[in-house]
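The structure under discussion appears below in the form of structure tokens.
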Amino acid sequence: MIPHVLKVVKEGKNRKPFRMPKHCPECGSTIHHVEGEVAYRCVNAACPAKRKESILHFASRHAMNIDGLGDKIVDQLVDKGLVKDVADLYALKEDEVAGLERMGEKSAQNLLEEIEASKKNSLARLIYALGIQFVGERTAQLLAEHFSSLEELAAAKEEELEEVPEVGPKVAASIVEFFSEPANRQLIKKLRKAGCFDGGKACREEPETRRQEFCVYGEPGESQPRRGRRARYTKRRESFGVVSKKTDYVVVGTDPGSKYDKAKELGVTILSESEFEKLLALK
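For the sequence shown, the numbering used here gives the first residue as 1, with consecutive numbering after it.
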């Protein structure tokens with residue numbers, strides 16, 4: 001039999017109870033904690049402890065898609081102090097990049113062209129690239145369709161965020177948490193100054209994802225069953241439930257409710273069922 005080994009450890013004389021720090025030991029930002037969860041997080045996107053990973057995510061194919069900005073280049077940019085957050089990528093000079101290991105003049109030009117081209121990416125890509133917890137590509141697209149700018153998203157309250165399809169309390173709380181961090185709000189200002197989006201908006205929408213958005217409220221007319229009518233509407237819509245500045249048309253039946261008032265307030269075009277049918281006929 002294998003004998004049991006007992007190890008006796010004497011308690012230290014100067015023991016003190018552990019207290020979770022209120023500020024990140026790396027960057028000094030406030031530590032965030034969601035009640036009921038074990039984890040405590042620093043949500044500063046530019047925190048030195050996660051700087052390299054944040055930059056690599058920002059440059060990844062489904063985010064800002066900066067080809068050529070891989071691990072080894074990011075390591076050098078960060079280690080040499082050339083890049084402290086993702087916004088610093090847009091301030092890089094050709095001679096700085098060309099001076100990196102395995103980078104010549106031509107390679108430096110190519111990388112800087114990729115960085116410059118990324119300024120024209122969609123708002124959805126930019127939101128995803130920020131690395132907000134629980135915000136993947138799909139959620140980023142839905143947020144970009146609902147909010148007209150990054151500043152508008154940053155200012156949204158949890159209840160406003162929960163109006164976005166597929167955004168529940170957990171995701172909404174994470175978004176509010178991210179933008180409540182002063183360092184992240186400063187990062188947004190730097191990105192705007194760098195030209196990543198004009199007046200708070202990304203420079204262009206991705207044409208393959210932009211469709212006309214219809215919101216449908218109230219009961220349909222008696223001429224067609226609700227299921228069949230809604231199935232037809234679905235061919236031309238993004239969602240039934242949310243009216244925003246990006247909504248193209250609101251289709252109303254009987255008793256459309258408060259969303260009809262919101263559409264009027266936002267100046268969204270309101271269509272009756274017959275008007276909507278005529279519009280479909282023209283498409």
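Where a beta carbon is used, it is the ideal one built from N, C-alpha and C, also for glycine.
Tell me T269's beta-bridge partners as DSSP assigns them.
As a first step, residue 269 is located in the sequence shown; it is residue number 269 there, counting from the start. Looking at the DSSP assignment, T269 forms a beta bridge with Y249.
How many Å lie between D71 and V171 at the Cα?
On the sequence shown, position 71 is the one that residue 71 refers to. On the sequence shown, position 171 is the one that residue 171 refers to. For D71 and V171, the distance between alpha carbons rounds to 29 Å.
Let's test the definition: count the other Cβ atoms within 10 Å of the Cβ of M20 and tell me whether it reaches 16, buried, or not, exposed.
Counted from its first residue, the sequence shown places residue 20 at position 20. Exposed, since its Cβ has fewer than 16 Cβ neighbours within 10 Å.
Output needed for N44: all residues of its chain with C-beta closer than 6 Å, excluding positions within five of it in sequence on either side, in chain order.
As a working mapping, residue 44 is identified with position 44 in the sequence shown. Answer for N44: C27, S29, E181, A183, listed in chain order.
For H23, which three-state DSSP category applies?
Residue numbering aside, residue 23 sits at position 23 when the sequence shown is read from its first letter. It is a strand residue.
Considering S174, what are the terminal residues of the alpha helix (DSSP H) in which it resides?
Working through the sequence shown from its first residue, we reach residue 174 at position 174. Per DSSP, S174 belongs to the alpha helix (DSSP H) from 169-180.
Applying the criterion that 16 or more other CB atoms from any shown protein chain within 10 Å of the CB defines a buried residue, is G267 buried or exposed?
Position 267 of the sequence shown, counting from 1, holds the residue named residue 267. When all chains shown are included, G267 counts as exposed.
Looking at chain C, is there any beta carbon in it that lies within less than 9 Å of the beta carbon of E114?
Within the model displayed, chain C is absent; a lone protein chain is all it includes.
So, is S54 buried or exposed, given that buried needs 16 or more other C-beta atoms within 10 angstroms?
Here residue 54 refers to the residue found at position 54 of the sequence shown. So S54 ends up on the buried side.
Our contact map puts L142 next to E166 with C-beta atoms below 8 Å; I'd like the distance itself, whole angstroms only.
Within the sequence shown, the letter at position 142 stands for residue 142. Within the sequence shown, the letter at position 166 stands for residue 166. With 8 Å as the limit, L142 and E166 qualify as a contact, their Cβ atoms being about 6 Å apart.
Would you report the Cα separation of K50 and L126, rounded to the nearest angstrom?
Along the sequence shown, read from residue 1 onward, the residue named residue 50 stands at position 50. Along the sequence shown, read from residue 1 onward, the residue named residue 126 stands at position 126. For K50 and L126, the distance between alpha carbons rounds to 18 Å.
Under the three-state reduction of DSSP, which class applies to F147: helix, strand or coil?
Start at 1 with the first residue of the sequence shown, and residue 147 comes out as number 147. In this structure, F147 counts as coil in the three-state DSSP scheme.
Beta-carbon separation of Y90 and K119 under 9 Å?
Position 90 of the sequence shown holds residue 90. Position 119 of the sequence shown holds residue 119. Their beta carbons are under 9 Å apart, which means Y90 touches K119 by this criterion.
Below 9 Å between beta carbons: does that hold for I66 and L100?
By one-based count along the sequence shown, residue 66 stands at place 66. By one-based count along the sequence shown, residue 100 stands at place 100. No, these two residues do not count as a Cβ contact at 9 Å.
Locate the alpha helix (DSSP H) running through N121, then write down its first and last residues.
If you number the sequence shown from 1, residue 121 lands on position 121. Per DSSP, N121 belongs to no alpha helix (DSSP H) and is neither H nor E.
Under DSSP, the alpha helix (DSSP H) around Q76 begins and ends at which residues?
Residue numbering aside, residue 76 sits at position 76 when the sequence shown is read from its first letter. First-last of the alpha helix (DSSP H) with Q76: 71-79.
Determine the DSSP secondary structure at D300, reduced to helix, strand or coil.
The structure shown has nothing for residue 300, since the chain only spans 1 to 283.
From D261 to Q109, what does the alpha carbon distance come to, in whole angstroms?
Residue numbering aside, residue 261 sits at position 261 when the sequence shown is read from its first letter. Residue numbering aside, residue 109 sits at position 109 when the sequence shown is read from its first letter. Those two C-alpha atoms are separated by around 53 Å.
Determine the extent of the alpha helix (DSSP H) in which E159 is found, giving its start and end residues.
In the sequence shown, the residue the question calls residue 159 occupies position 159. Run containing E159: 158-161, per the alpha helix (DSSP H) assignment.
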